[in-house]
Each structure stands twice: as structure tokens, then as C-alpha cells.
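>
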Amino acid sequence: MRFSSVFILSIILLITLAYYSRTIDGFVNIPASTPIPRFTKTPPIVPKKPSPSTNSNGGLVNIS
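Given below as C-alpha cells:
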């Protein structure tokens with residue numbers, strides 16, 4: 002039982018080394034990520050400046 006587990010682990014190690022040795026510098030080239038439109042954070046919306054004819058409550062100022 003012990004021999005078979007060591008043998009399997011050595012086979013896994015050899016396969017891993019063979020995979021990483023064929024890439025540049027031993028690392029897999031991961032493509033650059035692209036943002037997903039539905040999950041991107043939208044920029045905040047700046048509120049518009051109120052017109053001079055409104056008071057602090059948002060009501061119209063009527064100067065006669």
C-alpha cells in the first residue's frame with residue numbers, strides 16, 4: 002500500500018513538472034481579465050446644482 006501511494010505521488014509530480022517546464026519561466030500565461038458589463042461599478046452621479054429660483058426646501062421662490 003505504501004509503495005503504490007509513493008508511486009502515484011511521483012507520477013503526479015512528474016506530470017506537474019512536465020506541464021510547467023513547457024511554459025515560459027515555469028508559469029502559466031494567464032490572459033488579462035476583461036470587465037463584465039453587468040458587474041462593473043458605475044461611476045457616481047453628481048447631483049445637479051439647483052436653480053437660483055428654488056429655496057432650501059426645493060420650493061419655488063416668488064419675489065414680487
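Under this note's numbering, think of the first position of the sequence shown as 2, with each following residue one higher. Virtual Cβ for every residue (Gly too), placed ideally from N, Cα, C.
Is Thr17 helix, strand or coil by DSSP?
In the sequence shown, the residue the question calls residue 17 occupies position 16. The answer is helix: DSSP assigns Thr17 an H, G or I state.
> Alpha carbon to alpha carbon, how far is Ile9 from Tyr20?
Here residue 9 is taken as the residue at index 8 of the sequence shown, counted from 1. Here residue 20 is taken as the residue at index 19 of the sequence shown, counted from 1. Their Cα atoms are separated by approximately 17 Å.
> What does DSSP give as the partner residue(s) for Thr55 in the beta ladder?
Here residue 55 refers to the residue found at position 54 when the sequence shown is read from its first residue. DSSP, once it has assigned bridges, lists Leu61 as partnering Thr55.
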